[in-house]
Each structure stands twice: as structure tokens, then as C-alpha cells.
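*Asks:* Pasting a structure below so you can have a look.
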Amino acid sequence: LGVVRDGDVLDARLAAGQIAQHLQAHATATDEDWRPAFEKMRRGSAWLET
Numbered sequence: 002l003g004v005v006r007d008g009d010v011l012d013a014r015l016a017a018g019q020i021a022q023h024l025q026a027h028a029t030a031t032d033e034d035w036r037p038a039f040e041k042m043r044r045g046s047a048w049l050e051t
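Put into C-alpha cells, the structure is as follows:
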């Protein structure tokens with residue numbers, strides 16, 4: 002595995018934020034269908050905050 006650069010982490014944060022905004026912007030009555038994937042992504046990006 003290569004070394005993770007600060008820019009890579011920033012890009013991942015921005016991408017995760019854009020995905021979250023997209024899901025929230027398109028929330029519908031089927032929001033519960035999206036919630037598991039959204040929560041999984043949110044937990045997966047938590048390591049970026051450390």
C-alpha cells in the first residue's frame with residue numbers, strides 16, 4: 002500500500018460530503034432504503050476524522 006497524502010484524505014472527505022449532500026437532497030419516502038448505505042459510508046469515513 003502506498004502512503005496516504007494529506008491531499009488524498011481531503012479528497013476523500015470532499016467526496017464523502019458530496020455523497021451525503023446528494024443523498025440528503027434526494028431523500029424521499031424511501032429514505033430508509035438509503036439509510037443503511039449512508040450510515041455505512043459515514044462510519045467508514047470516521048477514520049478520516051482522527
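Using this note's numbering, read the sequence shown as starting at 2 and increasing by one per residue.
Note that the Cβ used here is the ideal one computed from N, Cα and C, for glycine as well.
Given the structure is predicted, the values throughout are model-derived calculations rather than measurements.
How is Arg14 classed by DSSP in three states: helix, strand or coil?
*Replies:* helix
*Asks:* Just the Cα atoms here: how many angstroms apart are Arg14 and Glu40?
*Replies:* 15 Å
*Asks:* Using C-beta distances below 8 Å, list every residue in its chain close to Ala21, excluding the 5 sequence neighbours before and after it, in chain order.
*Replies:* Phe39, Met42 and Arg43
*Asks:* Measuring only the C-alpha atoms, how far is Ala17 from Val10?
*Replies:* Each residue's alpha carbon lies about 11 Å from the other.
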